[in-house]
Structures are given as structure tokens and as C-alpha cells.
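Q: Here's a structure for you.
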Amino acid sequence: MSMFGGTGDMGGPKGLKLSLIETLKQAWADPDLRSRIIFIFAMFGVYVLGAHVPVPLPNVDHDVLTKALNDNPIFQVMDVFGGGSIKRLSIFALGLNPYITASIIIQILTTAFPEWKKELQEGGEYARRQQNKRTRFLTIALCLAQGWGLVQMLAKAAGPDMPTYAMYTTLLYWTAGAFFVLWLGEQISEKGIGNGVSLMIFAGIVVSMPGLAAQMYTNITVDAAMNWFQAAALIVVFLATTWFIVYFTSALRQIPVQHMRRQVGTKVMGGKTNYLPIPVNTAGVIPIIFAISLVLMPAQVASFFPVGNPFGDVVRVIADYLTPGLGVKGLVGIAVYTALIFFFTYFYTAIQYNVEDISNNLKRAGSFIQGIRPGKQTKDFLDSVISRVTIAGAAFLTVVALVQYIAPAIVGLGAGMNIFRVIGGTSLLIMTSVALETMRQIEANILMKQYNQ
2 MSMFGGTGDM GGPKGLKLSL IETLKQAWAD PDLRSRIIFI FAMFGVYVLG
52 AHVPVPLPNV DHDVLTKALN DNPIFQVMDV FGGGSIKRLS IFALGLNPYI
102 TASIIIQILT TAFPEWKKEL QEGGEYARRQ QNKRTRFLTI ALCLAQGWGL
152 VQMLAKAAGP DMPTYAMYTT LLYWTAGAFF VLWLGEQISE KGIGNGVSLM
202 IFAGIVVSMP GLAAQMYTNI TVDAAMNWFQ AAALIVVFLA TTWFIVYFTS
252 ALRQIPVQHM RRQVGTKVMG GKTNYLPIPV NTAGVIPIIF AISLVLMPAQ
302 VASFFPVGNP FGDVVRVIAD YLTPGLGVKG LVGIAVYTAL IFFFTYFYTA
352 IQYNVEDISN NLKRAGSFIQ GIRPGKQTKD FLDSVISRVT IAGAAFLTVV
402 ALVQYIAPAI VGLGAGMNIF RVIGGTSLLI MTSVALETMR QIEANILMKQ
452 YNQ
């Protein structure tokens, strides 16, 4: 299962058996669960504190640098994930972005290299440690690459006021900060509840929301860029998108599997019917992350070249056509963005679900899908079902990803407001998915304790 809790979940229904209020009430009443929840919030507090600690930059105007970063779409997206760390030039400016990218790349490479895949399947704890080591080495490389690109933008905006040594110390601060955030996530995984890395990403998005709410209030009362009716429409879009995400994140295609009867001594085993669950959102948020990275890459490359540079101007034109929106160029961007989401959804689903392995495992276990013969027919049936489910999953991800570009037209506002980066795209999908997965794990702990009593 991925760090976002959205892939490969073969454990059963994804809904909650207890209500949200009942789950929280019972969890708080249990001393062990209460201490784990308090620990999670303590780690969130450390993260929020660090997100407000700026990197020391002598003789540099932070306001000038902040404006330069806010004009870049790549860093606007990263800033929402990082709780405003980039805007503040915090020591946590890189956040978990390098680790997320490294984890996805290592997952793909593990599938691409048969020896890595076999090692992970058969190597146990040692193999997992080896994969973690590869991920961390790649994270360091990505921290240096992404950090250096960001530092170059800072140096370009600051001009001669930024000392050379400050560029290297800033890169060191950001790399250390990224690994400290990763360490916080690991502590949550060990001493809290749920996936710590996912929860730290969740915390970064949640931390940015009060600032966005304050921005919306300022737009209404001071700038007159928004009226109360538009704000109400924005809240309705936010709630509708959340409901849509919860519905599809919990949706499953259940395939009935019949287990053959076997005689074991004097007992008859098997003969029952279970279900093989195929989540509609099999690939989680990863296709959107890959797609938006490719779509915004030309804009990031163009930012390194001054206006008037022939190569830079060509890249800017490409970036304009790849940026999703409602104009002529924006519609081209939407088409490209949609195609990339569908491609990566199918690609990542193919990595997560090896239908031949599933078919062989069912056959070896003496199980079969009702009405389907074991072997090739089972493989073909699973392949067709997963392909159809993937279409629905890719369409769902496309709608969620495009909400932030369509919502401005719905509520009659400009697309440049950062609030739209929360009500659509990866941010809201991550928040909802992580919240559901964490609540499921809390509920599982409660039910297990009740079962053992």
C-alpha cells in the first residue's frame, strides 16, 4: 500500500463500521489510544513551529524573495503542501516533496527490476531496510536538486545582495529540514497511529488552511475581490468535492471468490464464499502528482531564463499551452492534463495489480471466481474488470484535479487565488484519504481491543 493509503488495499471494505463521533469517543476513553493521539498532535506542533522558523539570509529582503516564489506555479503548489513554509522561507521549505518523489520512483523501479521485486517479496525485514536505504539516498539527491533550483530562484530575485555562502548554507538547512520532517513522520508511525509520512503531509495542508481562510476574508472585506455570495458558493463547492472524494475513495468492486471444500482429517475445510475487493481509486493520488509535475515542468524551466532569451521564450509558450484553464490555451492544457492522469492511472494500477499472480494464487489455493474457470479465463476476467474499474478511477481523479480550474468559473472568481488549490487537486484528495485511513486504523484498534476483552 502506498504512503497515501490509496493503493493495493486488499483487506476488505473500506467504510467505517462505527460513526465518527463514536470512534473518537471510544478512542479518547482508551488510555493507550489517547496517548497515541496526543503524541500525533505533539509532533504536529513541532512541525508547525519549524514551519515558522525562517532560514537566516543576511542582507536579503524576504518580501522580494517571497513575491518571486509566489509568481511560480510549481512553488505555489509546494507551498500549499508545506503549510506556507516556502512563503516564509522556512527551514522546512522542501518538506516531504523530495521523499514523496523518491518513494514513487523506487516503487516503480522495484517493479521494473525483477531482482528488486523478488528481494522485497522474499527478503522480509532486511529487504524493506534495503528499499528504505535506496529511498533515502534518492531523497538526498532530490533534496539537493530541488533545493538548488529553489536557491537559484532566490539568488536571481535577491541579486547581488545574496552572498554566495548563503546559497550553500540555505541548501544545507533545507536538506536537514526535509529529513527532520521525515523523522517526525517516522516517530508518528512508531508511537502514534497510522502512516506518519501521510499524516505529516496532511498536517502541512491543514496548516495552510487558516491562512487561506484569512485571505478569503480579506478579499471580501478589504479588497472587494469577492462577495459573500461567492464565498458561500465556494464553501458549497468545497463540501461537494469532499463528499465526491469520500464516496469514490470508499468505493469497491467486489468479486465473489468460491473456496473449494477440502478434507483435512475428519474436518471439511473451505466451501465458503469471500470477496476480492478492487478499489475504484486504485492508484490513489500518485497519477495527479506525476501529471501536475510534468504539466508544470516547462513553467519551472522557463523561470530560469530571462525574458527575451529565445529558448526561454519558446518554453514559456509551451508552458502557456500546458497550463490548464478555461481559455483556448487552457483547454489544451486540460486535455493534456487529463491524458496524463489516465496514462499514469493505468500505469500505476498495472504495477500494483499483477492479474497473472492473482490468478495463480487463487488456483494454488483451490479457489475460483464464480462462473469463471481457473487459469487463463480468470486472468482475462480480472484484467477486464480492473481495466473497467480503472476507467472510473481515472475519471474520478480527473474531475478532482480539474476542480481548482473549473471552480473559479462556477463562483465567478479569478483562477489565481490560492484557495482553489485546496478545494481541488491533490490537496483535498490527500486530506480526505489520509483522514479516512487514519480513522479506519483507529477503529481497527478499538474493535481489536473489544475482541480481546
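The sequence shown begins at 2 in the working numbering and counts up one residue at a time. Built from N, CA and C at the ideal position, the CB exists for glycine as well.
1. Assuming K352 and T112 are in contact, meaning their beta carbons sit under 8 angstroms apart, how far apart are those beta carbons, in whole angstroms?
2. Quick one: what's got a C-beta closer than 7 angstroms to Y276's C-beta in the same chain, skipping five residues either side?
3. Between which two residues does the alpha helix (DSSP H) harbouring R35 extend?
4. What is the residue span of the alpha helix (DSSP H) that N98 lies within?
5. For the beta strand (DSSP E) that L277 lies in, which residues bound it at each end?
6. Starting from S253, follow its DSSP beta bridges and name the residues at the other end.
7. Are the CB atoms of W175 and I92 nearer to each other than 8 angstroms?
8. If I measure Cβ to Cβ from F369 and keep anything under 8 angstroms in the same chain, skipping five residues before and after, which residues do I get?
9. For the beta strand (DSSP E) that contains S199, what are its first and last residues?
10. Report, in whole angstroms, the separation of the C-beta atoms of A232 and I221, which I expect to be a contact under 8 angstroms.
11. Give a yes or no on whether 8 angstroms exceeds the smallest Cβ distance from F180 to chain D.
12. Using three-state DSSP, classify F306 as helix, strand or coil.
13. Which of the three DSSP states is assigned to V258 in this structure?
14. Taking the Cβ atom as the reference point for each residue, do F239 and F397 lie within a distance shorter than 8 angstroms?
15. So, with DSSP's three-state summary, where would you put P55?
16. Let's see if you can read the secondary structure: which residues bound the alpha helix (DSSP H) around I352?
17. Using the Cβ count rule (16 or more neighbours within 10 Å means buried), how would you classify I411?
18. S368 lies in the alpha helix (DSSP H); which residues open and close that run?
19. When you compare the CB positions of F382 and I287, do they come within less than 8 angstroms of one another, or not?
20. Which same chain residues, not among the five before or five after L139, have their C-beta less than 7 angstroms away from its C-beta?
A: So, to answer that:
1. What sits at residue 352 in the sequence shown is Ile, not Lys. About 5 angstroms separates the two Cβ atoms, so the contact holds.
2. If we look at Y276 and ignore the five residues flanking it on each side, its Cβ neighbours are Q255, I256, P257 and V258.
3. Note, R35: alpha helix (DSSP H), P32 to A52.
4. DSSP places N98 in the uninterrupted alpha helix (DSSP H) bounded by N98 to A113.
5. T274 to P280
6. The identity of residue 253 in the sequence shown is Leu, whereas the question assumes Ser. Partner residues in the beta bridge of L253, as assigned by DSSP, are P280.
7. yes
8. V258, Q259, M261, L363, P375 and T379
9. In this chain, S199 is not harboured by any beta strand (DSSP E); it is covered by the alpha helix (DSSP H) spanning G197 to T222.
10. 6 angstroms
11. Chain labels in this structure do not include chain D; a single protein chain is all it has.
12. coil
13. strand
14. no
15. strand
16. V329 to Q353
17. Around the C-beta of I411, fewer than 16 other C-beta atoms lie within 10 Å, and the residue is accordingly described as exposed.
18. Segment S368 to I370 is the beta strand (DSSP E) holding S368; no alpha helix (DSSP H) there.
19. Cβ atoms of F382 and I287: not closer than 8 angstroms.
20. A103, I106 and I107
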